[in-house]
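FYI, the numbering for the sequence shown is 1171 to 1431, going by my numbering.
See below for the structure under consideration.
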Amino acid sequence: FQSDSFSPVCFAALCSPNMQVASERIARYKRLVAPMALTVKRDLSRLVIRLRWSDSIAPPPWGLAAIEAAFFVAMIRSGTEQMITPLRVRLPHLPEDPDVLKALFGVMPQLGRDVELSFSATDADRPFVTAREGLWSAFEPHLRSSLTFLERSESTRLRVRSALLSLLPSGRASMEAVADRLALSRRTLQRRLHQSGTSYMRVLAETRHELALHYLRRTALPHREIAFLLGFEDPNSFFRAFQQWTHRTPEWVRREAPEQI
C-alpha cells in the first residue's frame, strides 16, 4: 500500500489518527474520486464500512468491488503496521474461486447487496503510525474546495436532467430546447456543462439510460412506448442506444436480469 500513489483523499485519510477517523474522512470526500456513497457506522463492538455505487450506473464487476474492499484492508494494515483481519467482508459478486479473496482478506467473503467491511472496535481504534494531523490540515481546504466545485457542477447537471425529464416525452431533446427551458443561451449552457466535466450529449444519454432501466424494470410498457417517452424517433434507435449503454437488449434486461444492469 503506497499512499503516494493514491489520490489526495486517500493520502489524507492515511494521515488520520486511526481507521475510524480515516473512514469517516473518506466517506466525506469519496465522491471526488468515484461515483459512490460510503457510509460509516460504529457501535460498541465494531466499525462497519459500506460502499454503494450510484444508481445511475451499472453494478461493478466483482473484481472492482473486491479492489474497493481490499483498499480499506490495506489501509488499516498500512496505517497500523499490523496484519489486521476484518470481522466480515461482503461483496455483491464472488468469483468462482473465493479462496483467492480469502487469502487477501484473511476471512472468506460473503455475498451481500453492497461492498461491506466490518472491523472490531479495538482494531478501528488502533493508532495509525502514519498519522500526520498537520498534513490533514493542509489537505482539507483543497478537498473542501474540490467538493464545493463538484456540488456546483452536479447542480448544473441536475438542472439539465430535470428539464429533460419533462421535455423528452414531447420529443424535444435538443440542447436549444433545454437551454430555453433553463433561461440560458446555448453557449452558456455548453460552457457550464464543460466546466462541470461533462457535455450535453453525455447528460442526455445518462438520463435516457436511467429512465429506460426504470421503465423496463418497473413497468410493462411496450418497447415502442418507451422509445417514444425517451424522445427517440423510432424503436430501432432506442434499441441501438440501449445496447451501446448496457451491451444487452431491452428484452433481456426485462426478462432475465431486471436488477443487474
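Backbone N, C-alpha and C define an ideal beta-carbon position, used for all residues, glycine too.
Computed from a predicted structure; not experimentally measured.
In this structure, GLN1252 keeps its C-beta atom at 9 Å or more from the C-beta atom of ARG1302. According to the DSSP secondary-structure assignment, VAL1285 is paired through a beta bridge with LEU1221. Of the other Cβ atoms in all chains shown, fewer than 16 fall within 10 Å of the Cβ of MET1278; this residue is therefore exposed.
Just measuring C-alpha positions, the residue of LEU1363, ILE1246 and LEU1234 sitting nearest LEU1217 is ILE1246.
Contact annotation: ALA1411 and ARG1388 have beta-carbon atoms that are not nearer than 9 Å.
Contact check between the region 1254-1268 and the region 1280-1292: three or more CB pairs, one atom from each, fall below 8 Å, which counts as touching.
Here DSSP, grouped into helix, strand and coil, assigns THR1209 to strand. DSSP places ARG1260 inside the beta strand (DSSP E), whose first and last residues are 1258-1261. Taking the Cα of LEU1381 as reference, the smallest distance to any Cα among ALA1397, GLY1367 and LEU1234 is reached at ALA1397. In the three-state reduction of the DSSP assignment, SER1355 falls in the coil class, being assigned neither a helical nor a strand state.
Around the beta-carbon of LYS1200, 16 or more other beta-carbon atoms lie within 10 Å, marking it buried.
Taking C-beta separations shorter than 8 Å and ignoring five residues to either side along the sequence, the partners of ARG1424 in its chain run LEU1386 and ARG1387, following chain order.
The Cβ atoms of ALA1207 and SER1193 do not sit closer than 9 Å to each other.
The beta-bridge partner set that DSSP reports for GLN1280 consists of ARG1260.
Ranked by Cα distance from GLU1286, the options SER1332, PRO1256, ARG1357 and HIS1384 are led by PRO1256. Closest option to ASP1213, judged by alpha-carbon separation, among LYS1272, PRO1187 and ALA1294: ALA1294. When LEU1337, LYS1211 and HIS1364 are compared, the shortest CA-CA separation from LEU1352 is found for LEU1337. Collapsing the DSSP output to three states places ARG1216 in a strand.
ARG1378: member of the alpha helix (DSSP H) spanning 1370-1388, first to last residue. Contact check for ARG1222 against LYS1211 fails: the beta carbons are separated by 9 Å or more. In this structure, CYS1180 sits away from LEU1305, with a CB-CB distance that is not shorter than 9 Å. The shortest CA-to-CA distance from ARG1327 to any of HIS1364, PHE1289 and ASN1188 is the one to HIS1364. Here the alpha carbons of ALA1236 and GLY1341 stand approximately 42 Å from one another.
If you draw a straight line from the Cα of THR1419 to the Cα of GLY1401, it is about 18 Å long.
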